[in-house]
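K.L.:
Just so you know, the sequences run in chain order D and A.
Note that my numbering has the first sequence beginning at 1, numbered continuously upward.
Note that my numbering has the second sequence beginning at 201, numbered continuously upward.
Glycine included, C-beta positions come from ideal geometry on N, C-alpha and C.
Sharing a structure here in structure tokens format.
There are 2 protein chains.
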Amino acid sequence: MGITDRKEREKQEMRKLIISAAMEMFITEGFDKTSIRNIADKIEYSPATIYLYYKDKDELLYEVQGQAFMEIYNAFVRDVTATDPMDRLQQLLHSYVNFGFEHPDLYDLMFILRSPMNATENDWPNCDEAYHFLTKTLEECIDQLRFTDVNLAALSIWGLGHGLISLYIRERIKVTKIPDDQIRTAIKATVDEQLRLIKR
Amino acid sequence: MGITDRKEREKQEMRKLIISAAMEMFITEGFDKTSIRNIADKIEYSPATIYLYYKDKDELLYEVQGQAFMEIYNAFVRDVTATDPMDRLQQLLHSYVNFGFEHPDLYDLMFILRSPMNATENDWPNCDEAYHFLTKTLEECIDQLRFTDVNLAALSIWGLGHGLISLYIRERIKVTKIPDDQIRTAIKATVDEQLRLIKR
DNA sequence: TTTATTTACTGAACACTGTTTATTAAGTTT
DNA sequence: AAACTTAATAAACAGTGTTCAGTAAATAAA
Numbered sequence: 001m002g003i004t005d006r007k008e009r010e011k012q013e014m015r016k017l018i019i020s021a022a023m024e025m026f027i028t029e030g031f032d033k034t035s036i037r038n039i040a041d042k043i044e045y046s047p048a049t050i051y052l053y054y055k056d057k058d059e060l061l062y063e064v065q066g067q068a069f070m071e072i073y074n075a076f077v078r079d080v081t082a083t084d085p086m087d088r089l090q091q092l093l094h095s096y097v098n099f100g101f102e103h104p105d106l107y108d109l110m111f112i113l114r115s116p117m118n119a120t121e122n123d124w125p126n127c128d129e130a131y132h133f134l135t136k137t138l139e140e141c142i143d144q145l146r147f148t149d150v151n152l153a154a155l156s157i158w159g160l161g162h163g164l165i166s167l168y169i170r171e172r173i174k175v176t177k178i179p180d181d182q183i184r185t186a187i188k189a190t191v192d193e194q195l196r197l198i199k200r
Numbered sequence: 201m202g203i204t205d206r207k208e209r210e211k212q213e214m215r216k217l218i219i220s221a222a223m224e225m226f227i228t229e230g231f232d233k234t235s236i237r238n239i240a241d242k243i244e245y246s247p248a249t250i251y252l253y254y255k256d257k258d259e260l261l262y263e264v265q266g267q268a269f270m271e272i273y274n275a276f277v278r279d280v281t282a283t284d285p286m287d288r289l290q291q292l293l294h295s296y297v298n299f300g301f302e303h304p305d306l307y308d309l310m311f312i313l314r315s316p317m318n319a320t321e322n323d324w325p326n327c328d329e330a331y332h333f334l335t336k337t338l339e340e341c342i343d344q345l346r347f348t349d350v351n352l353a354a355l356s357i358w359g360l361g362h363g364l365i366s367l368y369i370r371e372r373i374k375v376t377k378i379p380d381d382q383i384r385t386a387i388k389a390t391v392d393e394q395l396r397l398i399k400r
């Protein structure tokens, strides 16, 4: 049936159109300040139409999260090029931190925003892959680390990286009185120091 | 003038009434799900009345933040009782992490929520005091640490603590697949390990 | 080709949100 | 007792996410 094929294709295109617009606005305006009506305006459809393709605003976020996790994963693949395991770990961390600096709104909706974690309890698209990149990288050098459990090592390194970036994004790091133009280097230095610390 | 005194007193009482109601609802429902109308209902006044005492919803948050920072500071004073500097540091960290576990919604509005950081750019009530508790505690044992700069040491320890708690509160830590009933102990263990790591 | 049916879309509404303003009622001063 | 000041509110405005009855076009059946 050619027609149903085309219909399906058009449906997918419409979904993509909506998500692209949503993502663009989430990045430039943030999730909260982007309304369904804004998105509808941008793609020149009525707000109600969006609800024919997505259940609610959370599903839009869920989908954009998936895209964003793909992007950070691709950044990992792009940046982590070394062969030495410890070097790879460092490259991974730099890649992560840089992603946060360069795409703060994406980082926000991936790791900070409270939202569609209700989606089937467990599966969280493409986040697993990104996390797996970390655990895999850690596995390769776990014998050089002061950790025996990969998950605990991940906690120690992801926790710090995320903590610093989110304090930065949500402007809490200001309380340290570290000058604005030095914060990024301070964060990077702290993360690098962490790598040295966890080395056996 | 007795009357103006009483008026001033009544005004302050009203402000307190509003803030108490707001705080209670921020804790039980969260900031986003608490509306001005809800608060007004609770104290049996009209929504417009609240605007006679506070500029906007952000000012409410700002005020509750102040209270919350006082509370965490009090928790620090209560929990950090040791005389040995390193012990004090550990007690401080435990106090911080426990506060996050026991008052997740307060923690949220203090450290995660995006909001009234616009308030005069700089002053952020009672947060400085709490942060100062950390830097002071660090100063006392900086010679036993692998850091020379107190602010960088704070970054390393606050960053990790905050990172883990916020990943927990915003449910991102689930991706580690660490069983729910083990996460808290895993977080505490990670923080303790960090203390060992930064020890010279 | 004409009729029937399915599909895609939308205008208008609902129930909420933060916030402002004109009006009323009470308290205070003259 | 009259004039003035203050405190509180009802009602409105502009926005939000979301739903639903109704319309117009595309497809299927006659």
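#1: Does the beta-carbon distance from V350(A) to I357(A) come in below 8 Å?
#2: Could you compute how far the alpha carbon of A21(D) sits from the alpha carbon of V64(D)?
#3: Would you mind working out which of E329(A), S235(A) and E259(A) sits nearest N274(A), comparing C-alpha positions?
#4: According to DSSP, simplified to helix, strand and coil, what is K377(A)?
#5: Could you name the residues that DSSP lists as bridge partners for K57(D)?
#6: Determine the burial state of L52(D): buried for a count of at least 16 other Cβ atoms within 10 Å of its Cβ, exposed for fewer.
#7: Does the distance from the CB of A154(D) to the CB of L167(D) come in under 8 Å?
#8: Please name the residue, chosen from R400(A), F276(A), P325(A) and L395(A), that lies closest to R172(D) on a Cα-to-Cα basis.
#9: Measure from the alpha carbon of F69(D) to the alpha carbon of each residue in L106(D), R146(D), V191(D) and K188(D), then state which is nearest.
#10: Work out the CA separation of F133(D) and P85(D) for me, nearest whole Å.
#11: Which two residues bound the contiguous alpha helix (DSSP H) that contains R15(D)?
#12: Hey, how far is the Cα of R278(A) from the Cα of V297(A)?
#13: Consult DSSP for K33(D) and reduce its assignment to one of helix, strand or coil.
#14: Output, in sequence order along the chain, the residues in the region 162 to 182 of chain D whose CB is closer than 9 Å to any CB in chain A.
#15: Tell me, which residues are paired with L138(D) by DSSP?
#16: Is there at least one Cβ from chain D nearer than 8 Å to L217(A)'s Cβ?
#17: From A82(D) to F347(A), what does the alpha carbon distance come to, in whole angstroms?
#18: Figure out for me which residue from A189(D), H103(D) and G2(D) has the closest Cα to the Cα of Q67(D).
#19: Under three-state DSSP, which class holds L345(A)?
#20: Decide if T4(D) is buried, meaning its Cβ has at least 16 other Cβ atoms within 10 Å, or exposed.
#21: Could you name the residues of the same chain whose beta carbon sits closer than 7 Å to that of F301(A), not counting the 5 residues immediately before and after it, in chain order?
#22: Would you list, in chain order, the members of the region 8 to 40 of chain D that have their beta-carbon closer than 7 Å to a beta-carbon of chain A?
#23: Does the beta-carbon distance from V280(A) to Y131(D) come in below 8 Å?
P.N.:
Quick answer:
#1: As a first step, residue 350(A) is located in the second sequence; it is residue number 150 there, counting from the start. As a first step, residue 357(A) is located in the second sequence; it is residue number 157 there, counting from the start. No, these two residues do not count as a Cβ contact at 8 Å.
#2: Looking up residue 21(D) in the first sequence gives position 21. Looking up residue 64(D) in the first sequence gives position 64. C-alpha separation (whole angstroms): 10 Å.
#3: Along the second sequence, read from residue 1 onward, the residue named residue 274(A) stands at position 74. Closest by alpha carbon: E329(A).
#4: Position 177 of the second sequence, counted from the start, is the residue given in the question as residue 377(A). Of the three classes helix, strand and coil, the one that applies to K377(A) here is coil, per DSSP.
#5: Walking along the first sequence from the start, residue 57(D) turns up at place 57. DSSP, once it has assigned bridges, lists no residue as partnering K57(D).
#6: In the first sequence, counting from the first residue as 1, residue 52(D) sits at position 52. Result: exposed.
#7: Reading the first sequence from its first residue, position 154 is the one you call residue 154(D). Reading the first sequence from its first residue, position 167 is the one you call residue 167(D). Cβ atoms of A154(D) and L167(D): not closer than 8 Å.
#8: The sequence position of residue 172(D) within the first sequence is 172, counting from 1. Here the closest residue by C-alpha is P325(A).
#9: Translated into positions along the first sequence, residue 69(D) becomes position 69. Nearest C-alpha to F69(D): L106(D).
#10: For the purposes of this step, residue 85(D) is taken as the residue at position 85 of the first sequence. For the purposes of this step, residue 133(D) is taken as the residue at position 133 of the first sequence. Those two C-alpha atoms are separated by around 12 Å.
#11: Indexing the first sequence from 1 puts residue 15(D) at position 15. G2 to E29 is the span of the alpha helix (DSSP H), which, as asked, contains R15(D).
#12: By 1-based counting over the second sequence, the position of residue 278(A) is 78. By 1-based counting over the second sequence, the position of residue 297(A) is 97. Going by the C-alpha atoms only, they are around 14 Å apart.
#13: The sequence position of residue 33(D) within the first sequence is 33, counting from 1. Three-state DSSP puts K33(D) in coil, outside helix and strand.
#14: The region 162 to 182 of chain D vs chain A, Cβ under 9 Å: H162, G163, L164, I165, S166, L167, I169, R170, E171, R172, I173, K174, V175, T176, K177 and I178.
#15: Locating residue 138(D) in the first sequence gives position 138, where the first residue counts as 1. BP columns for L138(D) are empty, so no partner.
#16: Residue 217(A) sits at position 17 when you count from the first residue of the second sequence. Chain D, which has no Cβ nearer than 8 Å to the Cβ of L217(A), makes this no.
#17: Within the first sequence, residue 82(D) is the residue found at index 82, counting from 1. Within the second sequence, residue 347(A) is the residue found at index 147, counting from 1. Those two C-alpha atoms are separated by around 29 Å.
#18: Within the first sequence, residue 67(D) is the residue found at index 67, counting from 1. For the residues A189(D), H103(D) and G2(D), the minimum Cα distance to Q67(D) belongs to H103(D).
#19: Here residue 345(A) refers to the residue found at position 145 of the second sequence. Residue state, collapsed to three classes: strand.
#20: Residue 4(D) sits at position 4 when you count from the first residue of the first sequence. Under this definition T4(D) is an exposed residue.
#21: As a first step, residue 301(A) must be located in the second sequence, where it is residue number 101. Correct list, in chain order: R384.
#22: none
#23: The residue given as residue 280(A) occupies position 80 in the second sequence. The residue given as residue 131(D) occupies position 131 in the first sequence. Going by beta carbons, V280(A) and Y131(D) fall outside the 8 Å limit.
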